[in-house]
Amino acid sequence: MTYCLGIKTHFGLVMAADSLTNAGVDYVSKVQKLFDFSRPGERVILISNAGNLSMTQNVLTLVRRDIKNQAENDIYDLPTMFEVAQYLGKRVRDVADQNRNWMQQDKIDFSCSFLLGGQIKGEAPELYMIYSQGNFLRATKETPYLQIGEIKYGKPILDRTISYETQLDDAAKCALLSLDSTMKSNISVGPPINMVMYETDSLEIVHQVKFFDADPYLNKIRQSWEQSVKQAFQQLPSPDWQRVDTREQEDNWLSPSNIIPD
């Protein structure tokens, strides 16, 4: 499985992804899932992927081929991130159309998804999620983060922490904790973690890092977060078992006699 996320705030973008992939317990490997297609000074384009590995690799191969061949309307030729998202969605459909019959014949799940983040000179930074069908949605001020892959374990901390006004360093910490929470609960997501932080209007990637499992910083925030959660939990009040619930006057609502027969 995979977990990738992107965060867009007033100050820029943070994107991060794990590197673990598996085709069953007997075949586990590490594959990069976050890629930088930027042209410093002109445009920043970051792409991460989840889903069927052969599909995502084929899509990225087509993107690189179009760049190499200087094809019309490649990602360096398009004037807006919206059009780059349209282009990437079309490439997803192209690969799906080429493989659909064979994949369906063998009942293989060929779904995939992508996160696209970046900025083109003269435009505002954008963050998109592209689905298997090639359609896409955009991160907004109200929903400043997007996730693909194994999203459920890392979502709560994003919901409680991230807003459009979050500073980039805080967004990066939150992204790392979101990934670590996912790795804690799902063995199919694992390091190394690739993370990029982009500052609005800088038009270049300055901050990028790869965290391995034994990384001192990753271990430090992992332990600090776990200790802080435990301390906060211990400070919470216990349930008041003696309280009177004014909404329910039943003597024992758990009693089997309260079950209505068919």
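full-length UniProt numbering puts the first residue of the sequence shown at 1, with every later residue one more than the last. Just so it is clear, CB atoms sit at the ideal spot from N, CA and C, and this is done for glycine as well.
Along the chain, where does the alpha helix (DSSP H) containing residue i start, and where does it finish?
i, result
"S29", "It is not in any alpha helix (DSSP H) - S29 instead sits in the beta strand (DSSP E) that spans 28-30."
"E126", "Element bounds for E126: not the alpha helix (DSSP H) but the beta strand (DSSP E), 126-130."
"Q98", "81-105"
"K230", "216-235"
"I176", "Looking at the sequence itself, residue 176 is Leu, so the reference to Ile does not match. Per DSSP, L176 belongs to the alpha helix (DSSP H) from 168-185."
Between the alpha carbons of residue i and residue j, how many angstroms are there, rounded?
i, j, result
"Q70", "G89", "19 Å"
"C4", "S238", "36 Å"
"M1", "K184", "14 Å"
"V31", "P79", "31 Å"
For the putative contact between residue i and residue j, defined by C-beta atoms under 8 Å, what is the C-beta separation to the nearest angstrom?
i, j, result
"G122", "L46", "Not quite, the Cβ-Cβ distance comes to about 18 Å (not below 8 Å), so this is no contact."
"D97", "N52", "Their Cβ separation, rounded to whole angstroms, is 14 Å, which puts D97 and N52 out of contact at 8 Å."
"M55", "N22", "In fact, because the Cβ distance is near 16 Å, the residues do not count as touching under 8 Å."
"S38", "I205", "6 Å"
"C112", "N186", "Contact doesn't hold; Cβ gap of about 19 Å is too wide."
Provide the residue span of the beta strand (DSSP E) that contains residue i, from first to last.
i, result
"L46", "43-51"
"L146", "145-149"
"K155", "Careful: K155 lies outside any beta strand (DSSP E), inside the alpha helix (DSSP H) at 155-161."
"residue 263", "Missing from the structure shown is residue 263; the chain here goes from 1 to 262 and no further."
"G118", "112-120"
"N22", "20-22"
So the candidates are the options; which of them puts its Cα closest to the Cα of residue i?
i, options, result
"T161", "K173, I151, W102, V28", "K173"
"E165", "G6, C4, F11", "F11"
"K141", "S163, K155, K152", "S163"
"K33", "V44, G41, A17, E42", "A17"
*asked:* For the pair the stretch 125-137 and the stretch 60-68, tell me if three or more CB-CB distances fall below 8 Å.
replied: no
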